[in-house]
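Each residue of the sequence shown is one higher than the one before, starting from 1 at the first, in the UniProt record's numbering.
Built from N, CA and C at the ideal position, the CB exists for glycine as well.
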Amino acid sequence: MQVDLGLTELDAQSAAQAFDDGLAAKLRDYLRNECILDIAGTNRVMELLKRIYINGVRMLQAQFYFTPAELRIDYPEQEPSQEIIEASQQMSQAIGKQISENLVNAQLAILYSAASHLAMQDEKVFKRPRH
């Protein structure tokens, strides 16, 4: 199997949409529950995290190829059957999905770390009144 991996940049609008669709809810929950920020603090930090993501996100583009010889395992002299071709396509999609999920988890871990640091700085600058 041949694998081609490449990093691609998203334009700012696409990156913002990807952030809103995939990461914003998780980060907002993290800031609220783990960092214990109030709504205003959460909004301030979310805006910074979104900017970090937009300016630094790279998406992974992957393509997987099975050579004709790999598809003709049992009978090298014959063309691969439709079932083998479909199975190879499904396997390629599953591998791509797993790589994509791993990349998102890595991005999320980096953003969680940044969120913690930004939340601490937000608390210092915008001290909440004591009850």
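Cβ-based neighbour list, residue i, same chain, cut-off 6 Å, excluding 5 preceding and 5 following
{"i": "His-131", "result": "Low per-residue confidence applies at His-131: pLDDT is 49, beneath 50, and the placement is therefore not dependable enough to give any value."}
{"i": "Lys-50", "result": "Phe-19"}
Residue i versus residue j - alpha carbon distance
{"i": "Asp-20", "j": "Met-91", "result": "29 Å"}
{"i": "Phe-120", "j": "Ser-88", "result": "Looking at the sequence itself, residue 120 is Met, so the reference to Phe does not match. Approximately 48 Å, taken between the alpha carbons."}
{"i": "Thr-8", "j": "Ile-110", "result": "19 Å"}
{"i": "Asn-43", "j": "Glu-83", "result": "51 Å"}
{"i": "Tyr-112", "j": "Asn-105", "result": "10 Å"}
{"i": "Lys-97", "j": "Ser-14", "result": "19 Å"}
Boundaries of the alpha helix (DSSP H) in which residue i is found, first to last residue
{"i": "Phe-126", "result": "Phe-126 -> no alpha helix (DSSP H), and no H or E assigned at all."}
{"i": "Ser-14", "result": "12–22"}
{"i": "Val-45", "result": "39–56"}
Own chain, CB closer than 8 Å to residue i, minus 5 neighbours either side, in chain order
{"i": "Ala-12", "result": "Ile-54"}
{"i": "Glu-123", "result": "Leu-37, Gly-41"}
{"i": "Gln-126", "result": "Checking the sequence, you will find Phe at residue 126 rather than Gln. Once the five neighbours on either side are set aside, the close Cβ partners of Phe-126 are Ala-40, Gly-41, Arg-44."}
Own chain partners of residue i with C-beta closer than 7 Å, once the 5 adjacent residues on each side are dropped
{"i": "Glu-108", "result": "The sequence given here has Leu at residue 108, not Glu. Same-chain partners within the cutoff: Leu-23, Lys-26."}
{"i": "Ala-115", "result": "Leu-27, Tyr-30, Leu-31, Cys-35, Val-45, Leu-49"}
Nearest-angstrom beta carbon gap, residue j and residue i [assumed within contact, 8 Å]
{"i": "Leu-10", "j": "Val-57", "result": "6 Å"}
Any 3 or more C-beta pairs closer than 8 Å across the region 92–99 and the region 12–19: no
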